[in-house]
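Residue numbers (this note's numbering): 568 to 986.
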Amino acid sequence: MIVGIDDTDSKEGMCTTYLAAVLLGRLSGYAKVRGQPMLVRLNPNIEFKTRGNAAIALPLEADDEAAVKDTVIKTVEEMAVFSDDNTNPGIVFLDDSCTGRERAGLLGFAMRAVQDVLEISDAEQLIGQYGIDARGYKNSRGLIGALAAASFRKYGLSDSTYELIAYRMQDACGTPRDIDLQSVREADALTYPDTWDTLDIRNSRVVFAPHTPDPVLFGIRGKSPDAVRRMFSMIRSEPVERSVLYETNQGTDMHLLRAGIGDVRENRSYLLCGTVYDRPVTSTGGHVFFSIVENGRILKCASFEPTKQLRDVVRELKPGDRISVYGSLKNSILNLEKIELKGLVEFDVQNPLCCGRRMKSKGAGQGFRCEKCGAKKREKERVPLMRKLESGLYEAPPCARRHLAKPLVRMAGRVHPSR
Ligand code: ATP
């Protein structure tokens with residue numbers, strides 16, 4: 568049986584992954600975990616999300632399935648923050664039976680939960696159609712994430728990474744986290760790039776531990792169970808109450824849709840190709856804006872202040888550069904997560920040079936004249952540009968990385984990982 572759970576937490580505390588960790592403890596007497604618990608990140612642009620739009624799926628084997636369901640339901644009812652208006656828990660129990668149709672229906676739904684915006688009725692309709700045992704509380708919105716996570720656990724992810732989440736002792740929650748920074752530095756140096764997003768060295772930030780009052784002490788992200796366990800064994804910190812190793816779609820770019828600029832929609836994320844249309848402009852607050860064009864359609868893009876040194880790359884763009892942009896569309900602006908420089912313009916076209924100055928235009932189509940010596944020329948000239956950029960992929964630094972964004976250490980080709 569696979570148990571999917573979502574939408575149990577609030578901004579004031581709790582976390583659906585912690586509920587799942589406690590549940591695993593409670594179930595350990597009479598259910599076996601068969602395979603890896605899964606942490607699924609859904610569309611990062613959903614307005615109802617509390618933090619990272621996470622949902623959980625637990626693959627379980629038990630003789631007494633009714634007892635398992637009873638424990639799951641009781642634990643959600645006991646731990647979910649029902650008092651928060653925005654908390655609408657959902658639980659889904661998927662059994663082992665599988666028809667080709669169900670597989671296509673559930674995987675299609677799960678992909679849409681990552682890439683698209685769904686209605687609660689979309690989940691309810693599939694639950695009814697396939698006769699799935701489920702519980703929805705309040706407006707039941709959590710059924711969306713619960714069904715998506717359970718579906719990915721049942722049928723598998725096409726690409727995945729791992730995160731080991733360590734949880735705090737209950738009486739420590741709300742106090743500053745006690746983690747030995749030197750041990751984190753050493754563990755990071757020894758395990759990177761098999762682990763990533765532990766530290767943001769350039770921006771002097773510890774990124775694997777939250778600053779919120781929730782029970783998470785830290786989360787170690789990496790490419791394999793061995794890699795994250797290895798790092799875990801090296802970190803010295805306050806006592807850990809429990810830990811869970813999750814398989815996850817984090818760091819896979821699963822949220823990105825391929826599309827033309829003319830087809831983009833709000834609150835979805837894209838990988839788009841285009842040509843830089845205008846010179847980047849830095850606004851107050853340090854956000855950098857520019858536009859790209861493709862087939863006559865123009866799209867505004869932004870590298871916002873939190874993306875730090877990614878802005879240095881963006882500021883060097885020139886009209887005519889061929890690029891790809893990766894990110895989410897919010898308020899008609901593509902928020903950059905990554906950028907690929909594919910073809911950089913190497914020449915600028917300027918008025919001809921004469922007597923140490925640029926010649927003056929004599930009017931449209933009438934050529935140019937030197938104001939000093941009177942010489943005339945018909946055509947503009949190509950001036951070589953000194954570009955400070957190398958082609959290839961650039962990314963937002965770890966301190967600004969979205970859970971789903973694939974870090975460049977996981978990508979092949981010409982990459983410029985941020986660290
Ligand atoms: P945390 O990361 O702390 O567990 P959260 O950020 O996951 O919290 P939730 O409290 O789970 O946020 O709220 C997200 C809500 O949005 C859930 O009810 C989930 O079912 C729903 N949801 C997730 N993806 C989509 C989607 N693509 N379309 C519509 N609703 C979605």
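Using N, Cα and C, we set each Cβ at its ideal position, and we do this for glycine too.
Leaving aside the five residues that flank Arg720 on each side, the residues in its chain whose CB is nearer than 6 angstroms to its CB run, in chain order, Ile569, Met605, Ala624, Pro626. Along the region 857–921, the alpha helix (DSSP H) occurs as fully enclosed runs of 4 or more residues at 877–882, listed in sequence order. Contact between Ile711 and Ala680 is confirmed by a C-beta separation of about 6 angstroms, below the 8 angstroms threshold. Non-local C-beta neighbours of Thr765 in its own chain, meaning closer than 6 angstroms and more than five positions away in sequence, comprise Asp755, Phe775, ordered along the chain. Taking the CA atoms as reference points, Glu644 sits about 32 angstroms from Gly818.
Residue environment analysis places Ile699 among the buried positions, since at least 16 neighbouring C-beta atoms fall within 10 angstroms of its C-beta.
Glu579 and Gly786 have their C-alpha atoms spaced approximately 19 angstroms apart.
The beta-bridge partner set that DSSP reports for Tyr961 consists of Ile906, His983. For Cys868, the number of other beta carbons within 10 angstroms of its own is at least 16, and it is reported as buried.
For Met605, the enclosing beta strand (DSSP E) starts and ends at 605–608.
Membership of Phe775 in any beta strand (DSSP E) is not indicated, and neither H nor E is assigned to it by DSSP.
DSSP, read as helix, strand or coil, puts Glu730 in strand. In the DSSP assignment, Thr815 forms a beta bridge with Leu606, Thr728. Taking the Cβ atoms as the reference, Gly841 lies roughly 7 angstroms from Leu866, within the contact range of under 8 angstroms.
Excluding its 5 nearest sequence neighbours in each direction, Arg670 has C-beta neighbours in its own chain below 7 angstroms: Tyr722, listed in chain order. Shortest Cα-Cα distance from Val684 to any of Lys616, Gln737, Phe935, Asp888 involves Lys616. Residue range 792–801 is occupied by the alpha helix (DSSP H) that includes Ser800, with no beta strand (DSSP E) assigned at that position.
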